[in-house]
Amino acid sequence: MRDVAIIGVKNTKFGELWDRSFRDVVVEAGAGAVSDAGVVGEKIDAMFVGNMSGGQFVEQEHIGALIADYSGLAKNLHVPSTRVEAACASGGLALRQGIYAVASGMDDIVIAAGAEKMTDVPSPKASSALAAAADREWEGIMGATFPGLYAMIARMHMHKYGTTSEQLAQVAVKNHQNGQHNPIAQYKSKITVDSVLKSIMVADPLHIFDCSPITDGASAVVLAPADIAHEYTDTPIYVKATAQASDTIALHDRRDITTLDASVAAGKRAYEMAKVQPKDIDLVEVHDCFTIAEICAIEDLGFAKKGEGGILTQNGETAIGGKIPVNTSGGLKSCGHPVGATGVKQAVEIVEQLRGEAGKRQVDGAEIGMTHNVGGSGATAVVHIFSRDR
Numbered sequence: 002m003r004d005v006a007i008i009g010v011k012n013t014k015f016g017e018l019w020d021r022s023f024r025d026v027v028v029e030a031g032a033g034a035v036s037d038a039g040v041v042g043e044k045i046d047a048m049f050v051g052n053m054s055g056g057q058f059v060e061q062e063h064i065g066a067l068i069a070d071y072s073g074l075a076k077n078l079h080v081p082s083t084r085v086e087a088a089c090a091s092g093g094l095a096l097r098q099g100i101y102a103v104a105s106g107m108d109d110i111v112i113a114a115g116a117e118k119m120t121d122v123p124s125p126k127a128s129s130a131l132a133a134a135a136d137r138e139w140e141g142i143m144g145a146t147f148p149g150l151y152a153m154i155a156r157m158h159m160h161k162y163g164t165t166s167e168q169l170a171q172v173a174v175k176n177h178q179n180g181q182h183n184p185i186a187q188y189k190s191k192i193t194v195d196s197v198l199k200s201i202m203v204a205d206p207l208h209i210f211d212c213s214p215i216t217d218g219a220s221a222v223v224l225a226p227a228d229i230a231h232e233y234t235d236t237p238i239y240v241k242a243t244a245q246a247s248d249t250i251a252l253h254d255r256r257d258i259t260t261l262d263a264s265v266a267a268g269k270r271a272y273e274m275a276k277v278q279p280k281d282i283d284l285v286e287v288h289d290c291f292t293i294a295e296i297c298a299i300e301d302l303g304f305a306k307k308g309e310g311g312i313l314t315q316n317g318e319t320a321i322g323g324k325i326p327v328n329t330s331g332g333l334k335s336c337g338h339p340v341g342a343t344g345v346k347q348a349v350e351i352v353e354q355l356r357g358e359a360g361k362r363q364v365d366g367a368e369i370g371m372t373h374n375v376g377g378s379g380a381t382a383v384v385h386i387f388s389r390d391r
C-alpha cells in the first residue's frame, strides 16, 4: 500500500444557494480543488462523489456520470466517476474510497468530492429524505425524526452523567464563534447560551439552536501518491489513517445509546493505523449534527472520559486555544450540513489548518488533525487522521 497525500482542496460557499444548481456547486468545488493542486484533466484517473439523496432533493440519480459530464471529464477523457452513499457520512466514505484507489496503486490522481442541494424542496420533503438515513420501517414510519432520535440520546446522557442543557448550548455557542471567521459558513452570527436556551424547542431537550441546518454546498480534495505530491504542491498533507465502522441502523438495538460504538471502533482503528493516541491530535472536526452529537463524539474518540464531554466543553477546552480544538470550521452547526459534502468539508478544514491557511480560525502549531463523519444516528462512522509530516 502506498502513502497518500492531499494536494488540492476547495469548498464552495455553504448556505441556501437558490441561484445555483447541484451540478454548479459540484463543478465549482472540483475545479477549485484541481486548480489548487495544479493538475490538468488528462492527469485525473478517477473520481468519487459523496451524495446522500440526489434523487429526492433534486430528482437526479446517476450522480457520478452527471458530475463527470459537467466537469469535462466524460466526453473525451472518459474518467470513471462513482457516486458513494452512506447517508450523512457519504462524503467521508467517498474520501475513503479515493484514498483506497491511490493507496492500492490502481490510480495516481483522484478527486474525492461531496455535494448536496437540499433547499430546492420544501422542508417536509427534506425532512422525509433525511429520515431515510434511519430505519425507515422501525423508526421513520413510527414517527421518529432525527431531532427526536438525538433528543433521546441527549436525555439519556443527562440522566446517566448529569450533562446539562447549558453544556449543550455551549457547543453551539463555541461553533458559531468559530464559524463567524469561516468565509464559507452558512451562519456567521454569534449566539449566547441564553439565546440557545430561549430558542424554539424542537425535541426536548434540543432547541433549534442545538440543531444543524439544511444546507446546499460542495467540497472536493485531490489525492496523489505521497512520493509525487511535491511535484504538485509545496504543502502536501499526508493521510495517516482511514477507518470505517458500522453499528445497528436503529437506535433501539444499540448496546448504549449514549455511546456511538461505530465511532469508538473507527477511532480505535484510525489511531492504530496512524500510530498515534488522542493526546497527539492537535484539532478535530467532529459530526455535530446536534450539540449532543459533539459531546458524544469527543468522548467516543477518547478526548474526554465518558460522561465528561459536557464539562470539557463548559471549561473551554474544545475552543481554539483549548486542550483539543473541536470544529474550528464552525462544524455542521454553524458552517452548515450539506449531507453529502460534510465529510469532505471536514478534510478541507484540516488541510487548511495544517497548511497554516485558516486565518482567524488558525490553531497555532497544528501538525496532526482528525475528521469524524457519521451516517444516520451512528450506523456508519468514518474517521481520518492527517499530518503535515509524512
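As numbered in our numbering, residues 2 to 391 make up the sequence shown, in order. C-beta atoms are modelled at their ideal positions from N, C-alpha and C, and glycine is treated no differently.
Would you kindly report the start and end of the unbroken beta strand (DSSP E) that includes residue i?
i      : result
Gly9   : 5 to 12
Gly51  : 47 to 51
Ala382 : 381 to 388
Val26  : Taken as a continuous stretch (DSSP letters only), Val26 belongs to no beta strand (DSSP E), being part of the alpha helix (DSSP H) at 23 to 38.
Gly370 : 369 to 376
Whole angstroms is fine: what's the gap from residue i's alpha carbon to residue j's?
i      : j      : result
Val223 : Lys161 : 43 Å
Gln98  : Glu29  : 21 Å
Pro339 : Lys118 : 7 Å
Gly92  : Thr343 : 6 Å
Asp301 : Gly268 : 8 Å
Glu138 : Ser128 : 16 Å
Met159 : Phe291 : 15 Å
Val265 : Met153 : 20 Å
His288 : Phe58  : 21 Å
Arg391 : Gly308 : 35 Å
Ala298 : Asn374 : 10 Å
Ser335 : Ile325 : 19 Å
Thr193 : Pro81  : 47 Å
Lys346 : Ala34  : 12 Å
Gly115 : Val27  : 7 Å
Gly323 : Tyr272 : 21 Å
Ile293 : Ala155 : 6 Å
Val41  : Ser72  : 12 Å
Ala132 : Val349 : 27 Å
Lys434 : Ala170 : The requested residue 434 is not part of the displayed model; the chain covers only 2 to 391.
Ala69  : Gln181 : 34 Å
Asp37  : Gly9   : 5 Å
Asp281 : Glu232 : 29 Å
Glu358 : Ile7   : 15 Å
Val50  : Asp217 : 15 Å
Within 10 angstroms of its Cβ, does residue i collect 16 or more other Cβ (buried), or is it exposed?
i      : result
Ile201 : exposed
Val111 : buried
Ile142 : exposed
Ile386 : buried
Arg256 : exposed
Glu295 : buried
Pro123 : exposed
Gln187 : buried
Val352 : buried
Met48  : buried
Ser388 : buried
Met2   : exposed
Val285 : buried
Pro148 : buried
Glu43  : exposed
Asn52  : buried
Could you check where the alpha helix (DSSP H) with residue i kicks off and where it finishes?
i      : result
Met157 : 147 to 162
Ala298 : 292 to 301
Arg356 : 343 to 356
Thr314 : 310 to 315
Leu333 : 332 to 336
Three or more C-beta pairs under 8 Å: does that hold for the region 240 to 249 against the region 375 to 386? yes
Output the residue ranges of the beta strand (DSSP E) runs that lie fully inside the region 178 to 235 and measure 3 residues or longer, sorted by chain position. 202 to 204, 217 to 226
So within the region 49 to 128, which uninterrupted beta strand (DSSP E) runs reach at least 3 residues, ignoring any that extend past its ends? 82 to 85, 111 to 118
Please determine if the region 186 to 199 and the region 161 to 178 are in contact, where contact requires at least 3 C-beta pairs separated by less than 8 Å. yes
Extract the residue ranges of the beta strand (DSSP E) inside the region 245 to 291, only unbroken runs of 3 or more that lie entirely within it. 284 to 286
Contact between the region 361 to 368 and the region 224 to 240 (3+ Cβ pairs under 8 Å): no
Within 8 Å, do at least three Cβ pairs link the region 210 to 217 to the region 169 to 185? yes
Does the pairing of the region 61 to 70 with the region 81 to 90 give three or more beta-carbon distances under 8 Å? Below 8 Å, enough C-beta pairs join the region 61 to 70 and the region 81 to 90 to call them touching: three or more.
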